[in-house]
Amino acid sequence: MKISSNVYQIDVRPLGYERQIAVYLVVGEDYSLLIDTGPQCSLETLYTELKEIIDLKELKYIALTHIHLDHGGGAASLVKRLEADTRILVHPRGVKHVVDPSKLWNAAIKVLGREVAELQGKPEPIGNEYVKGIDDYENIDLGRVVVKAIHTPGHAPHHVVYIVYPDNIAITGDAVATYYDGRLHPVSPPPFKTELALKSIDKIMEEKPDKVAVSHFGLALEPGVDVLERAKKKIIEWISLIEEQVRRGIQDPNEIYRILLEVDEETSYIVRVRENNPLFKGSAYKSLLGIYYDILEKLSNVSKY
Ligand SMILES: [Zn+2]
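Oh and the sequence shown: position 183 is 292 in our numbering, straight run, nothing missing.
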């Protein structure tokens, strides 16, 4: 689906579930660039959809927002399958994990559980020469279309947001929010860094994007800056709610989550429409947990990670 003059949104439909993971294809006059691939398990869908839009030989870059399985898990396999001169661009801290995903895979099993990690699929290793670090504010010229990378730590230390010009649309991965039908909540599973995430949203805001498009799921219809402001506000709301419960002596995050769902209609809506599948069950709870742990860490001043 075309979402602006030079950007297509592709629903990769992992395990057949729609509206879970979006990736974005940017088509320039000379080359194309794909932002994220989605996980290994949905590669076939992605491949078929890409072929319908471009000549695959023109796909010069796969730029990852970050290396988590649901975003970059399929990148190495896609490059191998394309047999084109495609390069993977990733935050410099992510390069070694794309080349050799064994540590990433073990971390994914720990964070997601073996069952969910295996449903998403194990990323393949790839030669060093196929992977390149991308700098903060680096521009990639595709011919009349430019993609600017912005380092946006918080969700992950190696997160990158891409802004496409002249479309002026920000492809924000998990740096801004989970967004469904005008509702949003943060994507903040542990080890989420709240302050960094808020600063990163400010960094995107400085670019004044007309629109924002997220991974879970799709283009937000409201003006970009409004979405960014609301995403920031939502993080701050969650912090206040958690701090208030902790002050009241409620320490059990399950109990805080129950209270959150009672008062936060946006989040409870998203849980209803999104978490009816095995891949993203419990996502909102994990997001609450990330902010909760970050607050506890600050309160106790003891580093947990
Ligand atoms: Zn994600």
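C-beta: ideal position from N, C-alpha, C; glycine also.
message: Given this structure, state the Cα-to-Cα distance separating K189 from D403, to the nearest angstrom.
response: 39 angstroms
query: What distance in whole Å lies between the Cβ atoms of H294 and S396, which are believed to be in contact at a cut-off of 8 angstroms?
result: 6 angstroms
task: Go ahead and pull the three-state DSSP assignment for S412.
output: Legend: pLDDT at S412 = 48, less than 50; position of this residue unreliable, value from coordinates given subsequently. Reduced to three states, the DSSP call for S412 is coil.
task: Please name the residue or residues paired with K320 in a DSSP beta bridge.
output: I278
field: Buried versus exposed call for R223 [16 or more other C-beta atoms within 10 Å across all chains shown]
entry: exposed
field: Run of the beta strand (DSSP E) containing V199, from where it starts to where it stops
entry: 196-199
field: Ordered list of alpha helix (DSSP H) runs contained in the region 341-413, each at least 4 residues
entry: 362-372, 374-383, 392-409
query: Any heavy atom of ligand 1 closer than 6 angstroms to the Cβ of I179?
result: Here the sequence assigns Asp to residue 179, which means Ile is not the residue at that position. Indeed, a heavy atom of ligand 1 lies less than 6 angstroms from the Cβ.
message: As an exercise, report each continuous alpha helix (DSSP H) stretch of at least 4 residues that is fully enclosed by the region 195-275, in chain order.
response: 204-208, 211-221, 223-229
From T157, K212, E192, L159, residue whose alpha carbon lies closest to that of I417: This structure cannot speak to residue 417, because the chain is shown only from 110 to 414.
query: Would a C-beta distance cut-off of 7 angstroms place I365 and I351 closer than the cut-off?
result: yes
- prompt: Just checking, does the region 191-204 make contact with the region 342-359 on the three C-beta pairs under 8 angstroms criterion?
  reply: no
query: Apart from the five residues on each side of it in sequence, which residues of its chain come closer than 8 angstroms, Cβ to Cβ, to Y140?
result: E167, L168, K169, Y170, L251, G252
- prompt: Assuming V254 contacts V372 under a Cβ cut-off of 8 angstroms, what Cβ separation, rounded to an integer in Å, is found between them?
  reply: So it is not a contact: roughly 43 angstroms between Cβ atoms.
- prompt: For L328, does the three-state DSSP call read helix, strand or coil?
  reply: strand
query: Any contact of the region 309-320 with the region 328-335, i.e. 3+ C-beta pairs under 8 angstroms?
result: yes
field: Distance, P300 Cα to S412 Cα
entry: Confidence at S412 is low in this model, with a pLDDT of 48, below 50, so the placement of that residue should be treated as unreliable; the coordinate-derived value is given next. Straight-line Cα distance between these residues: approximately 11 angstroms.
task: In angstroms with no decimal places, state the Cα-to-Cα distance between V199 and H206.
output: 10 angstroms
- request: Closer than 6 angstroms by C-beta to I112: which residues in its own chain qualify, once you throw out the five before and the five after it? Chain order, please.
  value: Q118, L328
message: Measuring only from the beta carbon, is D311 closer than 6 angstroms to any heavy atom that is part of ligand 3?
response: Among the ligands modelled here, namely ligand 1, ligand 3 does not occur.
task: Taking only heavy atoms of ligand 1 into account, decide whether any of them is closer than 6 angstroms to the Cβ of D283.
output: yes
field: Distance between F326 and E127 (C-alpha atoms, nearest Å)
entry: 10 angstroms
- prompt: Considering only residues of the same chain and omitting the five flanking positions on each side of A284, which have a CB-CB separation below 6 angstroms?
  reply: T261, H264, H268, V270, S309
- prompt: Taking the C-alpha atoms as reference points, what is the distance between V382 and F389?
  reply: 11 angstroms
query: In the structure shown, what three-state DSSP assignment does L117 receive?
result: Checking the sequence shown, residue 117 turns out to be Tyr, not Leu. DSSP places Y117 in strand when its eight states are reduced to three.
message: Could you compute how far the alpha carbon of D83 sits from the alpha carbon of P318?
response: Residue numbering for the chain in the displayed model covers 110 to 414; residue 83 lies beyond these limits and cannot be assessed.
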